[in-house]
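Colleague:
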Amino acid sequence: MKTTLTSQTSASPAAPSSASVEGSKPVTKRLISLDAFRGWTMFWIVGGGAIMTGLQALGHNPVIDTIVYQLNHTPWQGLRYYDLIWPSFMLMTGMSLPFSYAKRSLTQTHREIFLRVARRALVLFLLGSIRESVNLKHPYLVELSSALQPIGIAYFCAFLLVRKSWRFQAAVGASILAGYALLLAFVVPVPGVPAGSYQQGKNLVAAADIADRRASAKQWAAKDEGPYHGPGRGLLRGAGSGDGPYRTRHHEALDHFVRPRIRGLGLPVLSGFLRGR
197 MKTTLTSQTS ASPAAPSSAS VEGSKPVTKR LISLDAFRGW TMFWIVGGGA
247 IMTGLQALGH NPVIDTIVYQ LNHTPWQGLR YYDLIWPSFM LMTGMSLPFS
297 YAKRSLTQTH REIFLRVARR ALVLFLLGSI RESVNLKHPY LVELSSALQP
347 IGIAYFCAFL LVRKSWRFQA AVGASILAGY ALLLAFVVPV PGVPAGSYQQ
397 GKNLVAAADI ADRRASAKQW AAKDEGPYHG PGRGLLRGAG SGDGPYRTRH
447 HEALDHFVRP RIRGLGLPVL SGFLRGR
């Protein structure tokens, strides 16, 4: 009996428990609601829409027909779910920014984080240039009507506000929204476009796009967006990161659960109206 007890005692320190090994691993906290929102949004653009279209081809029914209808952009006036896909990605990037900043600030200085953000924004911008250059078969540097360059620019601008107070961030967002609305409603009319016009192809945004791109009015007459829809995109990105100071200091369950859902439901709808749909 004595020999047995001795062997058991000497063997136990050499075999650390699985609990202690697991406890030594760093735990990464994730915002489950944001991951779910990202997965849900990605599903519809990587295959969900094709699945619904295929089911509709097998036979029509009110549910499938409604889903397929919502997975197509509205021609101009109105708002459908597919109109919210692009704003949703802007929102998700803005929402993740405070978490990323809080995590990196534990091991990096603000200057180091700033340089990293600047590099990422530059890479996104250049990738957008490469994509458009390949598409047009000639070099093209600035293409703000696509996805990558606006994301890079808005990401960088939102970072500049991440350490500001929520009042300052709200003031910036309100100023962008009010200024953009007033500009569209009361600006001096440009040739062929009366002030306050929101008709497709006959509004200030379309006129600015045509002038900026040196394109013909015929080419851009049917475009539903362009570079000068940017203020609405930037506002959405900033709104996603609007509670940065709060998130950096507090990671309570209520904040993790309620706030993202409020933004996930409300701000994409706002962005649809900002885009003139």
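Note that the working numbering has the sequence shown beginning at 197, numbered continuously upward.
Just so you know, even glycine gets a beta-carbon here, dropped at the ideal spot from N, CA and C.
Computed from a prediction, not measured in an experiment: that's the story for all the values here.
1. Could you check what DSSP says for ALA298 in three-state terms: helix, strand or coil?
2. Which runs of the alpha helix (DSSP H) fall wholly inside the stretch 310-377 and span at least 4 residues, in chain order?
3. State yes or no: is the C-beta of PHE321 within less than 8 Å of the C-beta of GLY290?
4. Within the continuous alpha helix (DSSP H) that includes TRP236, where are the two ends?
5. Around the Cβ of ASN196, are there at least 16 other Cβ atoms within 10 angstroms (buried) or fewer (exposed)?
6. Compute the distance between the beta-carbons of SER361 and GLU339, then report whether it is under 8 Å.
7. Per the contact definition of three or more C-beta pairs closer than 8 Å, is the stretch 276-291 in contact with the stretch 252-268?
8. Out of PHE352, HIS306, SER342 and MET286, state which residue places its alpha-carbon closest to the alpha-carbon of ALA314.
9. Mind checking which residues open and close the alpha helix (DSSP H) that includes GLY392?
10. Check VAL383 in the structure and name its three-state DSSP category.
11. Could you give the first and the last residue of the continuous alpha helix (DSSP H) run that contains VAL264?
12. Comparing C-alpha positions only, which one of ALA402, ALA403, TYR394 and ILE406 sits nearest to GLY274?
13. What residue from GLN304, VAL401 and ARG226 has the CA that sits closest to LEU378's CA?
14. Can you tell me where the alpha helix (DSSP H) with GLY250 in it begins and where it stops?
Modeller: Quick look at the numbers:
1. ALA298 carries a helical assignment under DSSP once its states are collapsed to helix, strand and coil.
2. The qualifying runs are 344-357.
3. With respect to GLY290, PHE321 sits apart: the two C-beta atoms are not nearer than 8 Å.
4. 228-239
5. Within the shown structure, residues of the chain are numbered from 197 to 473, placing residue 196 beyond reach of any answer.
6. no
7. A contact exists between the stretch 252-268 and the stretch 276-291.
8. PHE352
9. Run containing GLY392: none; DSSP gives neither H nor E here.
10. coil
11. 258-266
12. TYR394
13. VAL401
14. DSSP places GLY250 in the uninterrupted alpha helix (DSSP H) bounded by 245-254.
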